[in-house]
Structure formats: C-alpha cells, structure tokens
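If you read the sequence shown in the numbering used here, its first letter stands for residue 7, the second for the next number, and so on.
Cβ coordinates follow ideal geometry from the N, Cα and C atoms, glycine included.
Predicted, not measured: the structure shown is a model, and the values here were computed from it.
Report on the following structure.
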Amino acid sequence: MKYQTEQKDDILFIRMEGDLIAGKDTQQMIDSVDGLQEGNLQLCAVDLSNVRFMDSSGMGVLVSLLTKFRNRGGELVLIKPSDHIRKLLIVTKLNAIFTIAENDDFAAQFLKESTY
Numbered sequence: 007m008k009y010q011t012e013q014k015d016d017i018l019f020i021r022m023e024g025d026l027i028a029g030k031d032t033q034q035m036i037d038s039v040d041g042l043q044e045g046n047l048q049l050c051a052v053d054l055s056n057v058r059f060m061d062s063s064g065m066g067v068l069v070s071l072l073t074k075f076r077n078r079g080g081e082l083v084l085i086k087p088s089d090h091i092r093k094l095l096i097v098t099k100l101n102a103i104f105t106i107a108e109n110d111d112f113a114a115q116f117l118k119e120s121t122y
C-alpha cells in the first residue's frame, strides 16, 4: 500500500492506494498519523478511492485511526471507498460508525461542522 498525507486548513487528508493490508507501510502510516496528532490535529479524511482490496487487518487500521481521532475529541471521514470496500463496510456493519463522503469538499464540510 502507498499513502500520502496532506494538511489543508485543520484537516489531515490521507490518500491511500493499492491494498490495505497489514504490513510495514501500514504501520508507518499509523506512526506518521500519531506524530501529526502531537500537533493537536483532530480532523482526518481518508481517501479510499484508489484502494483495491482490504482485509480484516485493513479494517482494523481504519478503526484504529477513527479511535485515535475520536479519543482526542476529533472525527474521521472516509472518502469515496470503492464498491468492494463499501460492501465490506456494510457486511461488517462498520458503515454504522464511519461517515462516508463522496469527495474532499463534502468531507471537509462534514468535518468542520462536526467540531461545533
């Protein structure tokens, strides 16, 4: 899996590409987010539009990220998950805890509104 992080305003955007499975890259991303949160970053949008496959460890990564942000009083949104990822979220009932946005603008709007 490849990923890029980008901060716009007070929102951390994580853009993932490839397969979201356990591995060195996944752990690096989590460590990177931990470092960025030290700066009191509370809002995160995870772009899954280029993720082809996700297994149970990948779901664990998403839940871990959500937990990290919510424990700091923040929020996390998923951006445009593929059909495969959407089906996994529904089957596992994780769609009940994640907010899904169709693009960066909707994600940013939701996140900004969630802080009030």
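Considering only residues of the same chain and omitting the five flanking positions on each side of residue i, which have a CB-CB separation below 8 Å?
i         : result
serine 70 : Ile36
Anyone know if the C-beta pair for residue i and residue j falls short of 7 Å?
i          : j             : result
leucine 84 : valine 57     : no
lysine 86  : glutamate 119 : no
leucine 82 : leucine 72    : yes
Helix, strand or coil for residue i, going by three-state DSSP, please let me know.
i                 : result
phenylalanine 104 : coil
serine 38         : helix
leucine 47        : coil
aspartate 89      : helix
Looking only at its own chain, which residues have a Cβ that is under 6 Å from the Cβ of residue i, when we skip the five neighbours before and after it?
i          : result
leucine 47 : Leu18
valine 67  : Thr32
Tell me where the beta strand (DSSP E) around residue i begins and ends.
i          : result
lysine 8   : 8-14
glycine 24 : 17-26
How would you write the range of the alpha helix (DSSP H) that residue i sits in, first residue to last?
i             : result
aspartate 111 : 110-120
arginine 76   : 62-77
Excluding the 5 residues flanking residue i on each side, which residues of the same chain have their C-beta closer than 7 Å to its C-beta?
i                 : result
phenylalanine 116 : Val83, Thr105, Ala107
serine 63         : Ile27, Ala28
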